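Residue numbers (this note's numbering), protein chains in the order written: chain A, 1 to 459; chain X, 460 to 918.
A virtual CB, placed ideally from N, CA and C, is assigned to each residue, including glycine.
Just so it is clear, the structure is predicted and the values come from calculations on it, not from any experiment.
To keep things clear, I will list the structure first and then write my remarks on it.
Number of protein chains: 2
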Amino acid sequence: MLADKTKISSPSTPKSDCESKVKFKDSNKMSSNSYVYAKHKRFFRCSTEGKQVDELVTLEHQLWCFQFLKFNDNHCNSAMAGEGNNYDQRVDTEEEREHFLKIIQAFKSYKTFANNLVLRRLSYIETLPETQQTALSRYKTSLQEILKCVALNHQIIEMITEDADSMFENPLNHSNNFRIPRPKVTLSDVDKVQVTLKQIYRDWTDDGVIERIQCYQPILDELEELFPSSLSEQKNSKWSRSDLNVLVPGAGLGRLAFEIATLGFSCEGNEFSLYMLFASNFILNKCPDVKLHKIYPWVMSCDNNLSSDSLLASVVFPDVNPTNLNEINSDGRRFSMVAGDFLEVYQKENEWDCVATCFFIDCANNVCTFIEKIFTILKPGGFWINLGPLQYHFSNSTEEESIEPTFEDVKLIIESAGFKLLRETTKLPTLYCQNRRSMLKQHYESVFFTCEKPNSPSL
Amino acid sequence: MLADKTKISSPSTPKSDCESKVKFKDSNKMSSNSYVYAKHKRFFRCSTEGKQVDELVTLEHQLWCFQFLKFNDNHCNSAMAGEGNNYDQRVDTEEEREHFLKIIQAFKSYKTFANNLVLRRLSYIETLPETQQTALSRYKTSLQEILKCVALNHQIIEMITEDADSMFENPLNHSNNFRIPRPKVTLSDVDKVQVTLKQIYRDWTDDGVIERIQCYQPILDELEELFPSSLSEQKNSKWSRSDLNVLVPGAGLGRLAFEIATLGFSCEGNEFSLYMLFASNFILNKCPDVKLHKIYPWVMSCDNNLSSDSLLASVVFPDVNPTNLNEINSDGRRFSMVAGDFLEVYQKENEWDCVATCFFIDCANNVCTFIEKIFTILKPGGFWINLGPLQYHFSNSTEEESIEPTFEDVKLIIESAGFKLLRETTKLPTLYCQNRRSMLKQHYESVFFTCEKPNSPSL
């Protein structure tokens with residue numbers, strides 16, 4: 001398991017209940033990006049009679065997946081069977097809120113946890129012989145510098161969580177039934193906050209450009225190959241890019257989806273992790289200029305440093321103005337982000353012209369289910385472009401089921417699902433949140449392929 | 460933390476009690492290598508009056524660190540203060556045995572644990588839709604192949620533990636006071652058995668030669684530079700290599716120490732981990748020819764495989780006959796292995812002409828202590844050669860103290876200890892148990908340096 005990769009839990013089999021996406025435009029004034037959220041998985045349930053449960057609509061400063069959103073019946077495919085769903089609904093809601101509060105708490109605990117790690121080392125040094133303390137004097141100075149960088153990271157983290165926090169407080173305060181004790185946060189939760197900062201490095205800084213060229217550019221080039229801009233601009237063309245719907249499941253901090261939209265496609269990113277969603281909301285909606293903020297992504301990476309330059313290095317973000325997209329986004333359809341579980345949010349068949357996945361398919365307990373879902377939601381003649389390794393997220397889990405087919409096996413699954421494999425490349429060198437100054441170097445030799453959903457079923 | 464690296468616990472500060480090394484020649488008939496073991500740390504204690512506690516001597520098929528060895532008073536520096544040491548001694552002995560039995564149990568549990576992981580996946584597949592099961596048919600075949608490879612690994616593991624097990628059974632059976640319930644083994648313990656197989660790949664196979672050239676050859680070249688063979692062979696030379704004592708702390712499976720001895724030096728390897736000690740004992744003493752055995756080092760590495768060739772790959776060992784060394788080892792002094800904690804085993808000052816450490820100094824809770832110990836045990840004019848990263852083993856520990864100085868900080872510690880830094884190289888590419896077929900590529904840009912302990916204290 002790659003330490004830097006946030007584990008995202010997702011169900012192993014698709015559910016055909018009425019849990020589907022609910023889209024709301026972002027009402028935030030700072031940015032007019034159509035940054036929208038679906039409800040979180042299992043947040044809504046239908047009653048036993050199959051009627052939809054309407055919830056209190058609270059449209060405030062910004063809509064959020066955990067707010068009580070009006071259920072969108074356009075996407076409700078089927079009713080759930082079984083009894084006691086009103087109870088289930090309340091339990092699920094509490095679970096969701098507990099999860100939400102836990103992530104908020106993880107962000108808020110970052111400074112304390114990080115400081116404690118540093119202070120523990122400083123205390124330990126105090127117990128060492130005088131000669132060792134003297135020898136460690138420069139190291140001690142570095143530890144003090146780390147404390148300063150943590151404090152600066154904390155300022156960014158506060159901005160990231162500012163809205164998310166207040167979003168949730170209103171419904172919570174309105175209903176005492178849902179009051180939940182402050183969740184317990186572990187070092188592993190807080191570590192994911194640091195990982196989120198590394199993801200900002202990858203997606204939204206000048207320094208991360210090498211990773212984006214390796215991981216995103218091949219996908220963008222393939223889109224250009226499949227849907228040439230020259231054709232899109234012709235007056236007698238059968239299509240224009242803005243009519244083509246591209247979905248990016250596992251969108252993370254949204255840069256790939258943003259780049260696809262920048263090429264002129266209508267693009268929707270989908271993400272499950274609240275760590276990613278809080279941060280992408282901040283970047284896409286609250287950063288209306290370049291190089292506004294500074295973070296220290298590697299400040300807690302104490303191993304394998306030649307000098308303290310390595311762990312005290314800072315990056316500024318964003319490298320581009322995310323609101324630039326507005327200029328080519330007049331119809332409000334071109335770029336959006338949707339929160340929720342990929343398998344549950346997308347229930348409509350034959351909807352997408354293209355699905356682009358990058359470092360995503362190995363997040364599945366069962367990769368077959370992801371591949372089948374992608375096939376289902378693609379229009380006939382639509383394309384699936386994939387790039388990434390096979391670092392299966394649940395391979396070491398003792399709690400969740402997992403299978404880990406090799407790439408040769410994955411290709412059989414792809415064909416079995418009905419896809420036609422058009423092109424494949426292996427051994428594509430791709431970095432993932434690599435500190436270039438670290439003595440530990442890690443990269444994946446990724447696979448990169450394009451499949452087509454045939455226009456008519458093959459015999 | 461590098462997943463493949465066996466964590467070796469070691470105390471953070473040196474102790475000056477009477478715990479010191481006890482050497483016995485290996486009485487094993489299959490090999491005449493002088494493979495010897497010191498007692499395990501804390502195994503022996505002095506009485507409160509400072510008298511040594513003699514223990515039952517049981518010299519059987521092979522001497523082992525956990526046997527009741529006669530205490531060697533040559534190495535007893537000081538008596539322990541405090542009362543109740545007879546009780547402490549029994550408790551310590553039980554702790555040692557519990558640890559020993561746990562490692563034995565981990566080796567013995569390998570097959571069951573590994574099989575269960577595979578069988579769980581096969582059971583999960585049974586629950587999937589028929590179409591998915593069909594798509595996964597080749598993957599299922601690979602899982603069956605994995606079971607076969609695990610069974611073959613198990614055969615080697617049985618050979619590795621055969622002696623170690625019987626060694627311990629005798630004293631255990633002789634004394635019912637020390638009977639200990641079967642220790643509980645976790646997946647993480649068993650994972651270290653698989654890591655041990657990867658170490659065999661690194662140290663004793665043709666395939667591992669690339670890692671040995673990267674990691675060991677620079678050290679061997681430096682020894683040649685410091686003690687040229689041409690000078691050693693001259694009749695009027697002040698020294699011959701066989702008179703020079705080289706110590707390799709953290710010797711692992713012993714290949715570096717073996718290579719140093721092959722160059723003509725008297726070389727002693729020191730190792731703390733029982734996983735390593737059991738395996739090195741098997742290779743050095745029970746493998747009197749080349750390419751005797753086959754293992755599957757990557758069979759449990761289910762992530763990032765292009766095809767099943769990657770995880771089903773086998774290697775044969777040993778690549779050289781470890782008993783070849785006998786021919787140049789007539790005086791019986793040239794090559795030995797000593798078990799125990801580096802900080803506790805080596806108490807004698809000014810003993811070694813050279814200390815060579817490879818992927819070792821980052822095993823310390825406090826690297827200052829390792830560096831000071833190396834300085835202390837070196838003769839004036841002696842050399843310390845080091846190669847490796849700074850992947851500090853306790854950096855993520857919540858239980859043990861840790862500091863993680865950068866290389867710049869480490870150099871200050873080296874100078875503060877009294878060393879003169881002669882040469883340093885950084886960014887030396889070094890692999891560590893890398894499956895070359897894996898899509899995940901990892902290496903360290905290691906540091907490599909040579910220090911001298913000055914002949915007279917600097918002013």
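Looking only at Ser395/A, Leu277/A, Glu145/A, the smallest Cα-Cα distance to leucine 119/A is reached by Glu145/A. Not a single C-beta of chain X is nearer than 8 Å to the C-beta of methionine 276/A.
When Cβ pairs closer than 8 Å are counted between the two stretches, the stretch 595 to 612 of chain X is seen to touch the stretch 403 to 419 of chain A, the count reaching three or more. Unbroken alpha helix (DSSP H) stretches of 4 residues or longer found wholly inside the stretch 658 to 745 of chain X: 668 to 674, 676 to 685, 688 to 692, 714 to 721, 733 to 745, given in chain order. Taken through DSSP and simplified to helix, strand or coil, glutamine 603/X comes out as helix. Apart from sequence neighbours up to five positions away, the residues of its chain that approach leucine 899/X with a beta-carbon distance below 8 Å are Asp762, Asn763, ordered along the chain. Neighbourhood of lysine 900/X in chain A, by CB distance below 9 Å: Pro429, Lys441, Gln442, His443, Tyr444, Glu445, in chain order. Straight across, the Cα-Cα distance linking isoleucine 371/A with alanine 313/A is about 39 Å. Here DSSP, grouped into helix, strand and coil, assigns proline 322/A to helix.
Taking 8 Å as the cut-off, the beta carbon of glutamine 658/X is found closer than this to the beta carbon of methionine 735/X. For the stretch 389 to 406 of chain A, the beta-carbon criterion of a distance under 8 Å to any beta-carbon of chain X is satisfied by Pro389, Leu390, Gln391, Tyr392, Ser395, Thr398, Glu401, Ser402, Ile403, Glu404, Pro405, Thr406. Cα atoms of threonine 835/X and tryptophan 663/X: separation of roughly 32 Å, rounded to the nearest angstrom. In this structure, DSSP gives leucine 846/X an extended state, which the three-state scheme calls strand. Excluding the 5 residues flanking it on each side, arginine 121/A has same chain C-beta neighbours closer than 7 Å at Leu143, in chain order. The residue from Glu98/A, Lys102/A, Gly252/A, Leu117/A with its alpha-carbon nearest to that of aspartate 189/A is Lys102/A. Two segments are said to touch when three or more pairs of C-beta atoms, one from each, lie closer than 8 Å; by this definition the stretch 348 to 355 of chain A does not touch the stretch 276 to 293 of chain A. The straight-line gap separating the alpha-carbon atoms of leucine 387/A and lysine 420/A is approximately 17 Å. When the alpha-carbon of threonine 426/A is set against those of Tyr583/X, Ser766/X, Pro839/X, Cys822/X, the nearest one is in Ser766/X. The shortest C-alpha to C-alpha distance from glutamate 555/X to any of Thr645/X, Ser732/X, Ala716/X is the one to Ser732/X. Under DSSP, the beta-bridge partners assigned to tryptophan 352/A are Leu378/A. Annotation: leucine 587/X to cysteine 368/A spans about 10 Å, alpha carbon to alpha carbon.
In this chain, the beta strand (DSSP E) harbouring serine 336/A covers 335 to 339. Taking the Cα of serine 336/A as reference, the smallest distance to any Cα among Phe107/A, Ser310/A, Ala261/A, Thr450/A is reached at Ala261/A. Leucine 306/A has a beta carbon lying within less than 8 Å of a beta carbon in chain X. Cysteine 368/A sits in a helix when the DSSP states are folded into three classes.
When the alpha-carbon of valine 209/A is set against those of Arg255/A, Pro228/A, Pro183/A, the nearest one is in Arg255/A. Taking a beta-carbon distance threshold of 8 Å, threonine 131/A counts as an interface residue toward chain X. Not a single CB atom of chain A sits nearer than 8 Å to the CB of aspartate 662/X.
Against chain X, the beta carbon of threonine 426/A has neighbours under 9 Å at Leu765, Met898, listed in chain order.
Taking the beta carbon of threonine 134/A as reference, the chain X residues within 8 Å of it are Ser875, listed in sequence order.
DSSP places glutamate 424/A within a strand segment (E or B) once states are collapsed to three. Between leucine 587/X and chain A, the shortest Cβ-Cβ separation is below 8 Å. Taken through DSSP and simplified to helix, strand or coil, cysteine 451/A comes out as strand.
When only Cα atoms are considered, arginine 202/A and valine 195/A end up about 10 Å apart.
DSSP lists Thr430/A, Leu899/X as the bridge partner or partners of tyrosine 444/A.
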